[in-house]
Amino acid sequence: MEHRIDAWLILAVASILGASLVTQNAVAGVLGTQLLARQLLWACGGMLTLLALSRIRLDLYARLAPIVYALGLAALVGVLFFGEMRSGTRGWFAVGPLTIQPSEFARVATILMVAAWLARRSGTRLSAKEATVVVALVVAAAGLVALEPDLGVTLTYLPVAVTALWLGGLPRWAWIGLVVLSILIGVAAWHTGLKDFQKERVLTVLDPERDPFGVGYQVRQSKIAVGSGGVAGQGVGHGSQSLLRFLPAQHTDFAFAVWAEATGFVGATCLFLAYALMLYRIGMAAVVAENRHGVVLAALVGAWLAFQVVVNLGMVLGLLPTTGITLPLFSYGGSSLLSTCAALGVVQSVWRHRLVNQ
Amino acid sequence: MMEIREDLGPVRQRAMVLLLAVFLVFGALHLRVAQLQLIEGAHWRRMAENNRLRRLPLAATRGRIYDRRGHVLADNLPTWNLLLFPDEARNLDETLLFVADLGIDEAFSLHRRVNKRGADRLAPMVVGENLDWRQVASVRSHQSDHPELSVVAGFRRHYPLGRATAHTVGYLRLVSEEEFEANPQLDPNSRVGATGIEALADDFLTGQPGERWVVVSALGRQLGVVRENPSASGKDLAVTLDADLQQVAAEALGERSGAVAAIDPRNGAVRVLYSAPSFDPELFSGKLSPEDWKDLSDDPRHPLQDRCLQGTYPPGSTIKPFFALAALAEGLITPDWTVQCTGAVVLHGHRFRCWRRGGHGRVNLSRSIEASCDIYYYQVGQRLGIDRMARWLKTFGFGHRTGIGLPSEAAGLIGNPEWSRRVRGTPWYPGEAVSVSIGQGPVLATTIQLARAFAVLANGGRLVTPYVVVDPESADPIDLGLNPSDLARIRQGLDLVVHGDRGTARSLARLPVAGKTGTAQVVRLQEGIDSDDLAPHLRHHAWFVGWAPIEEPRLVVALIVEHGGGGGSIAAPTASAIFSAALGEEGDSQSEQRLRE
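Chains as they are written, first to last, in our numbering: chain A, 8 to 365; chain B, 2 to 598.
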């Protein structure tokens with residue numbers, strides 16, 4: 008038996024995409040209308056992908072997962088050799104006038120694989136061996152992305168691994184161990200791995216006036232843009248000149264700042280509500296699913312999207328360091344939009360087939 | 002199939018916990034938005050006001066141009082420019098009126114430029130160049146009214162020798178709209194070489210402009226530097242010109258129209274290229290006023306034309322040594338072959354006269370050069386025929402560009418029957434070949450071509466390529482394979498032109514110079530009329546082309562005085578100043594020696 012698609016989720020996604028297009032239109036004066044046209048095309052394609060993937064039966068995802076995952080890894084290896092270089096990162100396949108970013112799609116493949124694998128475990132705790140397999144599945148893909156190197160996208164694999172372990176279940180001592188381990192890794196990275204500009208980005212969060220025209224410049228401009236939006240905003244296309252002039256990456260990483268400046272607290276709150284609704288409906292899909300596979304699949308997608316939203320907004324609002332993580336469905340970018348919609352389509356498949364046991 | 006009812010309790014619970022955690026973080030982020038927009042909104046809006054980003058161009062100094070001795074031919078002077086950031090203006094019309102009131106530019110032309118500017122909103126426009134202290138003070142004192150205006154330091158091209166090197170060193174022009182469209186990276190306010198060495202070596206001289214991104218307050222005060230790409234200066238260039246000689250040439254020509262080209266016959270290094278009348282090249286360093294442009298373009302003497310490279314003239318008698326050499330090489334005459342000059346000869350049914358009414362009597366090769374007998378060369382020309390004359394002239398570098406590398410060089414002209422049919426569309430008259438044999442009629446040469454051709458005689462038979470900028474890939478001199486004894490005969494004749502008792506350039510006799518005078522007719526003289534009686538613009542062009550010192554030539558000078566009159570009476574004395582200066586102290590001692598002999 009098949010249920011109807013979740014209209015609330017569609018509403019939330021459509022609202023976010025609409026707001027995104029309004030924002031792309033607002034910066035079109037600076038960046039040209041070509042980006043707007045492309046984003047419109049991607050948005051339509053994304054919606055169709057979502058609807059199409061929601062019709063596929065859940066057990067098919069489980070069976071196809073290893074193949075999809077293998078294809079994803081192959082694409083990640085291929086891009087290292089045949090990919091196009093953009094500002095130091097070899098992460099794109101050029102296909103005619105378009106570019107495809109395999110790291111975005113491989114993440115969905117990884118989620119499918121991890122979910123399919125976890126669905127066949129039973130019991131409330133993962134064994135050490137099982138936990139290792141889960142981590143290895145994620146690290147294989149994330150490691151390839153890190154080689155490009157694309158640290159922002161690599162980071163978005165983190166919630167997939169952590170959530171998989173959380174859902175699979177680990178004893179308390181293991182969690183304490185993981186926290187201690189990550190602190191140790193953080194300290195070690197600070198002293199050896201991180202480059203100076205990356206350290207500066209972290210320090211700027213702690214002390215915003217540290218270097219207002221250097222590393223702190225972007226965050227400061229972002230805060231000015233958001234803050235000067237006030238209650239009702241300055242109007243779309245009428246945003247203070249600072250928006251047009253200062254904000255770097257205004258159509259990608261900092262797109263939310265453009266929206267917040269143009270529409271103010273009212274608009275920002277609406278967008279927050281849309282994201283909250285979307286995540287809530289994903290959560291509902293997870294909670295009502297009648298099999299483990301469905302729960303895990305929806306929860307992994309939800310955790311990943313929530314992570315990206317939180318990290319991006321934290322950066323735009325000056326609470327987290329600049330990392331280059333985009334706002335899903337909102338920032339400009341075809342691969343990110345399509346892969347997000349594909350993941351949402353899988354969640355919808357969970358929703359529609361929630362009472363069908365495998 | 003798995004068990005029908007698996008225990009989903011724990012995994013569901015964990016998913017719920019996750020959802021709850023996400024909503025908590027979401028709530029916190031939303032509080033942050035509220036803090037920024039609702040509580041601190043006014044503060045951030047004030048910050049936005051005092052938060053203008055500007056892109057300031059950093060000018061790259063253009064490389065200096067030096068002469069062979071290190072005298073500066075082109076330099077940069079610091080100057081004040083006025084920048085306008087059009088997007089920041091509260092009332093652009095009022096701003097442009099303010100600029101116009103300062104006398105910097107006219108309001109309507111400013112308007113036109115602002116409307117035409119490209120899409121890059123952050124780029125400023127240079128609305129004024131070379132501001133004087135009064136204008137700078139005016140802008141500075143109104144800075145708070147016009148934060149969109151900014152006085153910045155810039156550079157202005159300066160040519161220490163001014164008019165003396167105007168054509169050869171060249172001048173600058175603004176980047177054209179086509180160039181800007183082809184390469185949007187260019188700064189539309191920048192200048193590139195328009196003519197002369199400035200154009201020839203533009204890539205070498207041009208630096209890489211930089212830019213600085215700064216944040217300024219609402220009043221235009223700079224608060225901080227966001228990013229800076231420093232500019233890189235252009236490279237300095239040493240050229241072969243001799244500034245001192247260039248000035249001597251300019252003084253020697255004085256107010257007369259004409260040209261001087263001087264090269265080192267050993268390698269083709271150009272020492273002098275001077276064209277008169279000249280102009281002030283610094284008129285083009287800033288904004289050229291319409292009046293100045295009108296004065297330049299309407300001047301009937303065409304000061305912008307480079308007479309050295311673009312002016313083509315009948316070479317007159319200066320061509321004779323080359324026909325003599327050709328006839329010797331072809332075995333058509335011997336040095337002892339003579340012609341009886343009676344002052345005129347009838348050829349092809351027409352009477353052709355010698356310049357000397359009374360005739361020269363019996364004339365051999367060296368006497369023909371010394372006295373410049375026309376009848377002798379009419380006969381040489383008859384023996385050679387037009388096709389061989391044309392071929393030999395080409396061999397000596399006439400009729401095609403010398404390859405000096407400077408822009409807009411003319412090729413000159415060598416007429417022959419084929420050319421006559423193809424270009425002129427009329428048949429070739431045998432009488433024209435008679436004219437060509439004394440450098441009249443359909444044969445035209447540039448001053449630099451004559452200097453190059455005489456360098457062949459001076460250096461023993463090698464055709465050099467003149468150059469002002471050393472190019473490692475430049476062509477080696479071409480050995481023309483001339484018979485040394487033939488050359489020696491010609492050189493002897495050219496020595497006699499200056500030092501012989503019947504020479505046409507005896508005014509140079511105190512100098513170790515060999516050369517040839519030429520008097521190129523602008524119109525054919527009627528019987529009994531002297532050139533000096535003609536209207537100034539119909540008078541003959543006066544040539545002198547020669548080299549010094551005679552035995553070890555270091556300098557070939559080709560000089561023309563337009564409508565000056567006789568080569569011997571006008572051009573040779575003018576050239577003497579240049580030879581004297583070039584020979585300097587060493588030359589003086591040699592010439593003294595010669596005087597004592």
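Using N, Cα and C, we set each Cβ at its ideal position, and we do this for glycine too.
- Taking residue 126(B) as the reference, which of 463(B), 157(B), 97(B), 205(B) has the closest Cα? Taking the first residue of the second sequence as 1, we reach residue 126(B) at position 125. Residue 97(B) holds the alpha-carbon nearest to the alpha-carbon of residue 126(B) among 463(B), 157(B), 97(B), 205(B).
- List the whole-angstrom C-beta distance separating residue 158(B) from residue 286(B), where the pair is believed to meet the contact cut-off of C-beta under 8 angstroms. Residue 158(B) sits at position 157 when you count from the first residue of the second sequence. Residue 286(B) sits at position 285 when you count from the first residue of the second sequence. Contact holds; Cβ gap of about 4 angstroms.
- Ignoring anything shorter than 3 residues or poking outside the segment 401-449 of chain B, list the beta strand (DSSP E) runs there in chain order. The segment 401-449 of chain B contains no whole beta strand (DSSP E) run of 3 or more residues.
- Query: Anyone know if the C-beta pair for residue 345(B) and residue 354(B) falls short of 8 angstroms?
  - Reply: Against the second sequence, residue 345(B) aligns to sequence position 344. Against the second sequence, residue 354(B) aligns to sequence position 353. Yes.
- Taking a cut of 8 angstroms between CB atoms, which residues from the segment 220-239 of chain A lie near chain B? So the list reads 220, 221, 224, 228, 230, 231, 232, 233, 234, 235, 236, 237, 238, given in the order they occur along the chain.
- Per DSSP, what kind of secondary structure is residue 50(B) in: helix, strand or coil? The residue you call residue 50(B) lines up with position 49 of the second sequence. Helix.
- Query: Quick one: any contact between the segment 540-560 of chain B and the segment 458-469 of chain B, if contact means 3 or more CB pairs under 8 angstroms?
  - Reply: Enough Cβ pairs lie closer than 8 angstroms, so yes.
- Message: Between the alpha carbons of residue 129(B) and residue 151(B), how many angstroms are there, rounded?
- Response: Reading the second sequence from its first residue, position 128 is the one you call residue 129(B). Reading the second sequence from its first residue, position 150 is the one you call residue 151(B). Here the alpha carbon of residue 129(B) sits roughly 10 angstroms from the alpha carbon of residue 151(B).
- Close-in-space but distant-in-sequence residues of the same chain around residue 239(B) (CB under 6 angstroms, 5 per side omitted): Sequence index remark: in the second sequence, residue 239(B) carries index 238 (1-based). Excluding residues within five positions, the ones whose Cβ falls inside 6 angstroms are 67.
- Query: When you compare only the Cα positions, how much space is there between residue 81(A) and residue 89(A)?
  - Reply: Taking the first residue of the first sequence as 1, we reach residue 81(A) at position 74. Taking the first residue of the first sequence as 1, we reach residue 89(A) at position 82. Taking the straight line from one Cα to the other gives about 12 angstroms.
- residue 236(B) in three-state terms, based on DSSP: Against the second sequence, residue 236(B) aligns to sequence position 235. If DSSP states are grouped into helix, strand and coil, residue 236(B) belongs with coil.
- Message: Please report the straight-line C-alpha distance between residue 266(A) and residue 105(A), rounded to a whole angstrom.
- Response: For the purposes of this step, residue 266(A) is taken as the residue at position 259 of the first sequence. For the purposes of this step, residue 105(A) is taken as the residue at position 98 of the first sequence. Pairing residue 266(A) with residue 105(A), the inter-Cα distance amounts to about 26 angstroms.
- Message: So if DSSP puts residue 58(B) in a beta bridge, which residue, or which two residues, is it bridged to?
- Response: To locate residue 58(B), count along the second sequence from 1; it is residue 57. According to the DSSP secondary-structure assignment, residue 58(B) is paired through a beta bridge with 212(B).
- Option in 12(B), 72(B), 187(B), 192(B) with minimal Cα separation from residue 62(B): Position 61 of the second sequence, counted from the start, is the residue given in the question as residue 62(B). Here the closest residue by C-alpha is 192(B).
- Message: Does any residue of chain A have a CB that is nearer than 8 angstroms to the CB of residue 45(B)?
- Response: Numbered from 1 along the second sequence, position 44 holds the residue referred to as residue 45(B). Cβ-Cβ to chain A under 8 angstroms: yes for residue 45(B).
- Item | Same chain only: Cβ atoms within 6 angstroms of residue 321(B), ignoring 5 sequence neighbours per side | On the second sequence, residue 321(B) is found 320 positions in, with the first residue counted as 1. Cβ neighbours of residue 321(B) beyond the five flanking positions: 378.
- Query: Is residue 58(B) close to chain A, meaning its C-beta is less than 8 angstroms from at least one C-beta of that chain?
  - Reply: What you label residue 58(B) is simply residue 57 of the second sequence in a count that begins at 1. No, because no Cβ of chain A sits closer than 8 angstroms to the Cβ of residue 58(B).
- Query: Which one or two residues does DSSP pair with residue 263(B) in a beta bridge?
  - Reply: Within the second sequence, numbered from 1, the residue matching residue 263(B) stands at position 262. Its beta-bridge partners are 273(B), 558(B).
- Item | Beta-carbon gap between residue 332(A) and residue 200(A) smaller than 8 angstroms | By 1-based counting over the first sequence, the position of residue 332(A) is 325. By 1-based counting over the first sequence, the position of residue 200(A) is 193. Contact flag unset, no.
- Query: CB-CB under 7 angstroms to residue 318(A), same chain, minus the five flanking residues each way: which ones, in chain order?
  - Reply: Walking along the first sequence from the start, residue 318(A) turns up at place 311. The answer, listed in chain order, is 327, 330, 332.
- Message: My assumption, with CB atoms under 8 angstroms, is that residue 118(A) sits in contact with residue 350(A). Please give the rounded CB distance.
- Response: What you label residue 118(A) is simply residue 111 of the first sequence in a count that begins at 1. What you label residue 350(A) is simply residue 343 of the first sequence in a count that begins at 1. Indeed they touch by this definition, with Cβ atoms about 7 angstroms apart.
- Message: Buried or exposed for residue 393(B), going by 16 or more other Cβ atoms inside 10 Å?
- Response: The residue you call residue 393(B) lines up with position 392 of the second sequence. With at least 16 other beta carbons inside 10 angstroms of its own, residue 393(B) counts as buried.
- Query: Is residue 248(B) helix, strand or coil by DSSP?
  - Reply: By 1-based counting over the second sequence, the position of residue 248(B) is 247. Looking at residue 248(B) - three-state DSSP - the assignment turns out to be helix.
- Give the DSSP-derived three-state secondary structure of residue 338(B) in the structure shown. Position 337 of the second sequence, counting from 1, holds the residue named residue 338(B). It is coil, neither helix nor strand.
- Cβ-Cβ distance between residue 234(A) and residue 214(B) below 8 angstroms: As a working mapping, residue 234(A) is identified with position 227 in the first sequence. As a working mapping, residue 214(B) is identified with position 213 in the second sequence. Not a contact, by the Cβ cut-off of 8 angstroms.
- Query: For residue 225(B), which three-state DSSP category applies?
  - Reply: The residue you call residue 225(B) lines up with position 224 of the second sequence. Strand.
- Message: By alpha-carbon positions, which one of 290(B), 278(B), 318(B) ends up nearest to residue 301(B)?
- Response: On the second sequence, residue 301(B) is found 300 positions in, with the first residue counted as 1. Ranking 290(B), 278(B), 318(B) by CA distance to the CA of residue 301(B) puts 278(B) first.
- Could you please give me the residues that DSSP links to residue 302(A) through a beta bridge? On the first sequence, position 295 is the one that residue 302(A) refers to. Residue 302(A) is bridged by DSSP to nothing; it lacks a bridge partner.
- Mind checking whether residue 271(B) and residue 261(B) have CB atoms under 8 angstroms apart? Counted from its first residue, the second sequence places residue 271(B) at position 270. Counted from its first residue, the second sequence places residue 261(B) at position 260. In this structure, residue 261(B) does not lie closer than 8 angstroms to residue 271(B) by Cβ.
- Message: Considering only their Cβ atoms, is the gap separating residue 312(A) from residue 27(A) smaller than 8 angstroms?
- Response: Taking the first residue of the first sequence as position 1, residue 27(A) is located at position 20. Taking the first residue of the first sequence as position 1, residue 312(A) is located at position 305. Going by C-beta atoms, residue 27(A) is not nearer than 8 angstroms to residue 312(A).
- Item | Residue(s) in a DSSP beta bridge with residue 542(B) | Sequence index remark: in the second sequence, residue 542(B) carries index 541 (1-based). Answer is 521(B).
- Query: How would you list, in chain order, the residues of chain A whose beta-carbon sits under 7 angstroms from the beta-carbon of residue 15(B)?
  - Reply: Your numbering for residue 15(B) matches position 14 in the second sequence. Simply 173, 174.
- In chain A, which residues lie less than 7 angstroms from residue 33(B) when you measure between Cβ atoms? Along the second sequence, one-based indexing puts residue 33(B) at 32. Those are 324, 326, listed as they occur along chain A.
- Query: Ordered along the chain, which non-local residues of its own chain (more than five positions away) have a Cβ less than 6 angstroms from that of residue 524(B)?
  - Reply: To locate residue 524(B), count along the second sequence from 1; it is residue 523. Only 539 meet the Cβ criterion.
- Residues of the segment 262-295 of chain A whose Cβ lies closer than 8 angstroms to any Cβ of chain B, in chain order: Taken in chain order, the members of the segment 262-295 of chain A whose beta-carbon sits within less than 8 angstroms of a beta-carbon on chain B are 267, 271, 272, 275, 276, 279, 282, 283, 286, 287, 290, 293, 294.
- Message: Assuming residue 82(B) is part of the alpha helix (DSSP H), what are its boundary residues?
- Response: Reading the second sequence from its first residue, position 81 is the one you call residue 82(B). No alpha helix (DSSP H) contains residue 82(B), which is instead part of the beta strand (DSSP E) from 73-85.
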